[in-house]
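Going down the list, the sequences are from chains A and B.
Heads up, the first sequence stops at 1001 in our numbering, and the numbers go up one at a time, no gaps.
Heads up, the second sequence stops at 544 in our numbering, and the numbers go up one at a time, no gaps.
The structure appears below as C-alpha cells.
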Amino acid sequence: MAAGVATWLPFARAAAVGWLPLAKKTMPKPPVDNSSRSDEILYLNVSGVRFQTWKNTLDRYPDTLLGSSEKEFFFNEDTEEYFFDRDHEMFRHILNFYRTGKLHYPRHECIQAFDEELAFYGIVPEIIGDCCMEEYRDRKKENQERLAEDTEANEVMDAPLPPDSTPRERLWRAFENPHTSTMALVFYYVTGFFIAVSVIANVVETVPCRPPEGRVKDLPCGEKYQLAFFCMDTACVLIFTFEYLMRLFAAPSRCKFMRSVMSVIDVVAIMPYYIGLVMPENEDVSGAFVTLRVFRVFRIFKFSRHSQGLRILGYTLKSCASELGFLLFSLTMAIIIFATVMFYAEKGTKGSTFTSIPASFWYTIVTMTTLGYGDMVPNTIAGKIFGSICSLSGVLVIALPVPVIVSNFSRIYHQNQRADKRRAQQKVRLARIRMAKKGTTNAFLQYKEDRALGDRDSDSTALCVKNRSAFEHQHHHLLHCLEKTTNHEFTDELTYSELCMTESVGFRTSRSTSLSSQQGAQNNPTGCCPRRARRRAAMRLANSTASVSRGSVQELDTLHVKTTSIPPQTRSSLNAQADDLKLNCGEQDFTAAIISIPTPPANTPDESLPPSPAPIPGILRNTRATAYTHETVKISSL
Amino acid sequence: LSAVRHRPEGLEQLEAQTRFSRKELQILYRGFKNECPSGVVNEDTFKDIYAQFFPQGDASTYAHFLFNAFDTDHNGSVSFEDFVMGLSILLRGTVQEKLNWAFNLYDINKDGYITKEEMLDIMKAIYDMMGKCTYPVLKEETPRQHVEVFFQKMDKNKDGVVTIDEFIDCCQNDENIMRSMHLFENVL
Chain A
364 MAAGVATWLP FARAAAVGWL PLAKKTMPKP PVDNSSRSDE ILYLNVSGVR
414 FQTWKNTLDR YPDTLLGSSE KEFFFNEDTE EYFFDRDHEM FRHILNFYRT
464 GKLHYPRHEC IQAFDEELAF YGIVPEIIGD CCMEEYRDRK KENQERLAED
514 TEANEVMDAP LPPDSTPRER LWRAFENPHT STMALVFYYV TGFFIAVSVI
564 ANVVETVPCR PPEGRVKDLP CGEKYQLAFF CMDTACVLIF TFEYLMRLFA
614 APSRCKFMRS VMSVIDVVAI MPYYIGLVMP ENEDVSGAFV TLRVFRVFRI
664 FKFSRHSQGL RILGYTLKSC ASELGFLLFS LTMAIIIFAT VMFYAEKGTK
714 GSTFTSIPAS FWYTIVTMTT LGYGDMVPNT IAGKIFGSIC SLSGVLVIAL
764 PVPVIVSNFS RIYHQNQRAD KRRAQQKVRL ARIRMAKKGT TNAFLQYKED
814 RALGDRDSDS TALCVKNRSA FEHQHHHLLH CLEKTTNHEF TDELTYSELC
864 MTESVGFRTS RSTSLSSQQG AQNNPTGCCP RRARRRAAMR LANSTASVSR
914 GSVQELDTLH VKTTSIPPQT RSSLNAQADD LKLNCGEQDF TAAIISIPTP
964 PANTPDESLP PSPAPIPGIL RNTRATAYTH ETVKISSL
Chain B
357 LSAVRHRPEG LEQLEAQTRF SRKELQILYR GFKNECPSGV VNEDTFKDIY
407 AQFFPQGDAS TYAHFLFNAF DTDHNGSVSF EDFVMGLSIL LRGTVQEKLN
457 WAFNLYDINK DGYITKEEML DIMKAIYDMM GKCTYPVLKE ETPRQHVEVF
507 FQKMDKNKDG VVTIDEFIDC CQNDENIMRS MHLFENVL
C-alpha cells in the first residue's frame, strides 16, 4: 500500500505532536521542504492517446520512470507534454497503478509484452495485486516452460555433434536419438523387431499344438518345438544383452544409467534366461524358475523406447502419482469397510460364499468396479442392501480422480505435440534464414564488383548504386571495412568448397595444442573440410563465407581469437550478432602483423615454433574462375 | 454489507472551520478519498496505515489511542471532517490547542484526569512501536520509569493524577517542549 504511505505521512507526522510532552530528549530539526506544494496536472502522450494526471500521483513511486526525473528525457518542449512511443492500452494499467497502488494484469495481453512494458517503466512485477498475481504467475511459468522446452529440444535434438566427441559420446547419442545416423536407425528397428519377436514367441509357445504321434493330450507349442523356441529366445536375449552392454558402455554416467527405469526393465527382461542357464535341472528349484519366466513379458516394456505414446503414458502416471495414491487409498478403505460389513451380514447364511473377510474382499472389488461376476452373491436382505450401497459408492470413488489423470495426460500429450510442431517450424525458419543470408552475401559481393568496376569506370557505378538503399550502402561499407581490417575477403559457399577440396590434398595440419578456439579444439587430426563442417555445424547460424578467414585465423595459437568473425548478415540479427565480433587483440594489431610468406605445403609442423607453418588458405579472390591464388598467411605473435 | 458512504460538508464550511486554505483542503481530500473511497476510516485501516510507518514494532495500540483522539464524536469511524479538524489543530493550531489535544490523547477515558495507569498504557504503546531491536535494549520497567519521571514533573500537587491545568502549566514552563511544538508546522 505504498500510495497510502505517501498520502498519510503528513498525518502521521502531525500525530507525532502527541509524543512531544513525553519526550526524554529534544526533538531533531524537521527536514526543510522547499518544493512547492501546489499540485499541477501533467500531460502524458502515449502514442497519441493523451493521459492527464496530477504530478503528485506520479511522485508516489519515486523509483519508477514516471516518478523520477527520468521522465524528463521524454519531455517534448513543443507540445509541453511527455511523449512515450509505447502501447497506450497497457499504459492505462501502468497509470492505474500510480493512482490506486495496485497493479493489475490484463488477461488478454501477452505476458512477455506486459513484462517488457513493466521493465520500461521501471516497475517490478512483484507488486501485482493479489487479484491478478495468480494469473500472472501461471502464465509466466507456462511461458518459461515453453521456452525451456524449446531450448532443451534444440540442444538435445538438433544440436549437432561437437567436433571432438569421443566414440563413446557418439554411441550414446546414437542410442538416445536414432535419427542422427543411419546405423542408429537400423539398430533401432532391429531391436524393435526382436522385441516383437520375443514377445510373440512367449505368447505362442503356450498355445496348444497338435500332439506328435503316440500322444493323446494336446501339447503347448513350447514343448513340441522346444529347440526352435530355445534358439529364438537365445537370439533375442543375445541381442538384448549386447544392446544393454553397449548402452552401459556409452552412458555418460553409468550409475545414473543403471538406476534408470529403462535399464532396470532391460535387466529384468534378460535375467530369467541367464538364471535358467545356470540353474541346475533340479525339480524343486525349476518350479521357482518357471515363475521367473513370467518376467520375460517385461520385454514388452522395452517398446517404450520406440513409442512416444507409451512414454507419455508413463510420464502421466508418474505425474499423477498423488491422485493415484489417493484413489488407491480410498479404494482400500472402502473395500475393507464393505468387506467387513458383507461378511458379518452374510455370516449366518448356510452355504454362504462369504467365508471370511479376505474372501469378501473379492466380492467388494468386483462390485465396486461394477464388474459383478456373480460368483459371490449376498442372500440376506441386509447383505443385499449393503451390496447395493457398495456398488453405488464404488462408481463415485473411482470416478473422482479420473478427470485429474485425464487432464494431466492431455497436457503432457499436447506439450509433446507442441515440441514436434516447433521443431518443424524451426527447420522452416532456419531454411528461410539461410536463404536470406545467401541473398545478403550475394548483394555484398555484387557491391564489391560494382566498386571494382567503379574504380575503373565511373559511369556504370552510378547506375548500380542507385538500386540500393542507404541502409544497404552503409552495411556493405561496414563489411568492406572488416575485410580491409582482416585483410581477408568474403566469399560464397561455392567458391569456398572448391577451395577446400583442393586444399585437402596437400594439407598438413598442425598439432599445436595451445590453440584456443572457441570449441577448445585441441587436436585437429583431420583435414580442413571436416573441421569446417564441424564448426559450421556447431554454429548453426554460421556463415560459411566467413569461415575462410576464420579458418586461417584459427591456425594461430598465439592469438586467442573468438571465432565467428561473421558480420551480421541479417537485419534482424544485427543486434544479436554484433557481440560476436570480438577479437581479443585489437584489429589494428592484426593488420600490422600480417606477413605473406609462401611456404611449401609439405612442411611438417614443428611444435616448438609458435606460428604454424602449415599452409592456410589465405586471401581469396572473388572470381568464380577456377584459377585462384592462395598465399599463406603467417601472423606473428604480438 | 452496504458500503458506508460519507460525503463531507462543503468546502466553504470546512474552510471556515479549519485553518487550511481551499487548495490545501482539496489536496487533503483527494488523498483521503483515494485511500478510503467510502469516505471514512475505520480503526483497522487506521492501524494498518500506522503500521506501515513503524514496521519494526507493533503500532496497533498507539494507533488505537490515536484513533480515539481523532474520532471526536466517538462513532467508531473517522470521517474527513474529523480528520481535517484534527490536522488543523496539530498543524495550524496554537500551542494551547496542541497541548489540549495531547492531553486528550493521554486521557484515555476522557474524564479530565491522566492517571498513572493511563499514562503507563500510553507509554507502553509508544515503546511498543520501537520494537525489539533497540539500543540500549529495552527493559520491562523502562515505560514505568518513564511514567514516574513524567509524573514527577507534571504532578504538582502529588495527588497521583495530572489535570489539564497542571499539564498545560508544566509544559509551558518547559522550554524544550515549547520549542518542539513548532516542529511540524510545515508538514503540509
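Yeah, the Cβ is synthetic: ideal placement off N, Cα and C, and Gly gets one too.
Given the structure is predicted, the values throughout are model-derived calculations rather than measurements.
- Message: Could you check whether the Cβ of A458 (chain B) sits closer than 8 Å to any Cβ belonging to chain A?
- Response: Your numbering for residue 458 (chain B) matches position 102 in the second sequence. True, the Cβ-Cβ gap to chain A drops below 8 Å.
- According to the neighbour-count rule (16 or more other Cβ atoms, all chains shown, within 10 Å of its Cβ), is H456 (chain A) buried or exposed? Counted from its first residue, the first sequence places residue 456 (chain A) at position 93. H456 (chain A) comes out buried.
- Task: Verify the CB distance criterion: does V380 (chain A) have a CB-CB separation below 8 Å to chain B?
- Result: Within the first sequence, residue 380 (chain A) is the residue found at index 17, counting from 1. It does: the Cβ of V380 (chain A) has a partner Cβ on chain B nearer than 8 Å.
- Check whether the Cβ atoms of I633 (chain A) and Y607 (chain A) sit closer than 8 Å, and answer yes or no. Along the first sequence, one-based indexing puts residue 633 (chain A) at 270. Along the first sequence, one-based indexing puts residue 607 (chain A) at 244. Yes, they are a contact pair.
- Query: Does S536 (chain B) get closer than 8 Å to chain A when you measure Cβ to Cβ?
  - Reply: Within the second sequence, residue 536 (chain B) is the residue found at index 180, counting from 1. S536 (chain B) counts as touching chain A.
- Burial state of F605 (chain A), where buried means 16 or more other Cβ atoms lie within 10 Å: Position 242 of the first sequence, counting from 1, holds the residue named residue 605 (chain A). Classification for F605 (chain A): exposed.
- Message: Using the Cβ count rule (16 or more neighbours within 10 Å means buried), how would you classify M475 (chain B)?
- Response: Taking the second sequence and counting its residues from 1, the one referred to as residue 475 (chain B) is at position 119. Its Cβ being crowded by 16 or more others within 10 Å, M475 (chain B) is buried.
- Task: Apply the 10 Å Cβ neighbour rule to N565 (chain A) and answer buried if 16 or more other Cβ atoms are within range, or exposed otherwise.
- Result: Taking the first residue of the first sequence as position 1, residue 565 (chain A) is located at position 202. Sixteen is the threshold: when 16 or more other Cβ atoms of the shown chains lie within 10 Å of the Cβ of N565 (chain A), as they do, the residue is buried.
- Between the C-alpha atoms of G366 (chain B) and H420 (chain B), what's the straight-line distance to the nearest angstrom? As a position in the second sequence, residue 366 (chain B) is number 10, starting the count at 1. As a position in the second sequence, residue 420 (chain B) is number 64, starting the count at 1. Spanning the two alpha carbons is a distance of roughly 29 Å.
- Query: Of all the CB atoms in chain B, is at least one closer than 8 Å to the CB of V696 (chain A)?
  - Reply: The count along the first sequence starts at 1 and reaches residue 696 (chain A) at position 333. Residue 696 (chain A) is actually Met in this sequence, not Val. It does not; no Cβ of chain B falls within 8 Å.
- If you draw a straight line from the alpha carbon of P469 (chain A) to that of A458 (chain B), how long is it in whole angstroms? The residue labelled residue 469 (chain A) in the question sits at position 106 within the first sequence. The residue labelled residue 458 (chain B) in the question sits at position 102 within the second sequence. Just so you know, the alpha carbons of P469 (chain A) and A458 (chain B) end up roughly 48 Å apart.
- Which term fits A415 (chain B), buried or exposed, when burial requires 16 or more other beta carbons within 10 angstroms of its beta carbon? As a first step, residue 415 (chain B) is located in the second sequence; it is residue number 59 there, counting from the start. With a threshold of 16 other beta carbon atoms within 10 Å, A415 (chain B) meets it and is buried.
- Taking Cβ-Cβ distances shorter than 7 Å, what residues in chain B pair up with D450 (chain A)? Taking the first sequence and counting its residues from 1, one reaches residue 450 (chain A) at position 87. Within chain B, no residue comes near D450 (chain A); the closest Cβ sits about 26 Å away, beyond 7 Å.
- For G735 (chain A), is the classification buried or exposed, using 16 other Cβ atoms within 10 angstroms of its Cβ as the cut-off for buried? Translated into the one-based positions of the first sequence, residue 735 (chain A) becomes position 372. Exposed.
- Task: Give the DSSP-derived three-state secondary structure of Y637 (chain A) in the structure shown.
- Result: Your numbering for residue 637 (chain A) matches position 274 in the first sequence. Three-state result, Y637 (chain A): helix.
- Message: If I measure Cβ to Cβ from L357 (chain B) and keep anything under 7 Å in the same chain, skipping five residues before and after, which residues do I get?
- Response: For the purposes of this step, residue 357 (chain B) is taken as residue 1 along the second sequence, with counting starting at 1. For L357 (chain B), the predicted structure reports a pLDDT of 41, less than 50, and the residue's modelled location is therefore unreliable. A value from the coordinates is still provided. Excluding positions up to five away in sequence, the list is empty.
- Task: Let me know the secondary structure DSSP gives N398 (chain B) once reduced to three states.
- Result: One-based indexing of the second sequence puts residue 398 (chain B) at position 42. Of the three classes helix, strand and coil, the one that applies to N398 (chain B) here is strand, per DSSP.
- Counting along the chain, where does the beta strand (DSSP E) carrying V518 (chain B) start and finish? Within the second sequence, the letter at position 162 stands for residue 518 (chain B). V517 to T519 is the span of the beta strand (DSSP E), which, as asked, contains V518 (chain B).
- Query: At least one CB of chain B closer than 8 Å to the CB of D422 (chain A): is that the case?
  - Reply: One-based indexing of the first sequence puts residue 422 (chain A) at position 59. False, the Cβ-Cβ gap to chain B never drops below 8 Å.
- Given 8 Å, three or more beta-carbon pairs between the stretch 417-437 of chain B and the stretch 394-401 of chain B: Judged by Cβ distances under 8 Å, the stretch 417-437 of chain B makes contact with the stretch 394-401 of chain B, as three or more pairs qualify.
- Query: Near R674 (chain A), which residues of its chain fall below 7 Å by C-beta distance, leaving aside the five closest residues on each side in sequence?
  - Reply: Against the first sequence, residue 674 (chain A) aligns to sequence position 311. Result list for R674 (chain A): S667, in chain order.
- Check the Cβ of L447 (chain B) against every Cβ in chain A and list those closer than 7 Å, keeping chain order. Taking the first residue of the second sequence as position 1, residue 447 (chain B) is located at position 91. The contacting residues are A377.
- Backbone CA spacing between F603 (chain A) and L759 (chain A) [nearest angstrom]: Here residue 603 (chain A) is taken as the residue at index 240 of the first sequence, counted from 1. Here residue 759 (chain A) is taken as the residue at index 396 of the first sequence, counted from 1. Straight across, the Cα-Cα distance linking F603 (chain A) with L759 (chain A) is about 44 Å.
- Answer with yes or no whether the minimum CB distance from F325 (chain B) to chain A is below 8 Å. Lying outside 357 to 544, the shown extent of chain B, residue 325 (chain B) is not represented and no answer is given.
- When you compare only the Cα positions, how much space is there between V505 (chain B) and F374 (chain A)? As a working mapping, residue 505 (chain B) is identified with position 149 in the second sequence. As a working mapping, residue 374 (chain A) is identified with position 11 in the first sequence. Between V505 (chain B) and F374 (chain A), the C-alpha separation is close to 29 Å.
- Counting only beta-carbon atoms, is G387 (chain B) nearer than 8 Å to chain A? Walking along the second sequence from the start, residue 387 (chain B) turns up at place 31. Closer than 8 Å to some Cβ of chain A, the Cβ of G387 (chain B) qualifies, so yes.
- CB contact below 8 Å: C527 (chain B) versus chain A: Counting from one through the second sequence, the residue named residue 527 (chain B) turns up at place 171. C527 (chain B) counts as touching chain A.
- Message: Is A386 (chain A) close to chain B? Criterion is C-beta to C-beta, closer than 8 Å.
- Response: Here residue 386 (chain A) is taken as the residue at index 23 of the first sequence, counted from 1. At least one chain B Cβ lies under 8 Å of A386 (chain A).
- Item | Assigned exposure category for R662 (chain A) - 16 Cβ within 10 Å defines buried | As a first step, residue 662 (chain A) must be located in the first sequence, where it is residue number 299. Buried is the call here.
- Other residues of its chain near V567 (chain A): CB distance less than 7 Å, five sequence neighbours each side excluded: Along the first sequence, read from residue 1 onward, the residue named residue 567 (chain A) stands at position 204. These residues qualify, in order along the chain: C584.
- Item | Cβ contact check for the stretch 684-697 of chain A and the stretch 775-790 of chain A: 3 or more pairs under 8 Å | no
- Message: Taking the alpha carbon of G492 (chain A) as the reference point, which residue from A:S670, A:L808, A:F460 and A:L510 has its own alpha carbon closest?
- Response: For the purposes of this step, residue 492 (chain A) is taken as the residue at position 129 of the first sequence. When each option's Cα is compared against that of G492 (chain A), the closest is A:F460.
- For T679 (chain A) and chain C, any beta-carbon pair shorter than 8 Å? Of the protein chains in the structure, A and B, none is chain C.
- Task: For P425 (chain A), return the contacting residues in chain B, with the cut-off set at a CB-CB distance below 7 Å.
- Result: Counted from its first residue, the first sequence places residue 425 (chain A) at position 62. The premise fails here: P425 (chain A) is roughly 16 Å from chain B at the closest Cβ pair, so nothing lies under 7 Å.
- Query: From C526 (chain B) to D511 (chain B), what distance separates their C-alpha atoms?
  - Reply: Residue numbering aside, residue 526 (chain B) sits at position 170 when the second sequence is read from its first letter. Residue numbering aside, residue 511 (chain B) sits at position 155 when the second sequence is read from its first letter. Computed Cα separation, rounded: 9 Å.
- Query: Name the DSSP beta bridge partners of S377 (chain B), please?
  - Reply: Here residue 377 (chain B) refers to the residue found at position 21 when the second sequence is read from its first residue. S377 (chain B) is not bridged to any residue.
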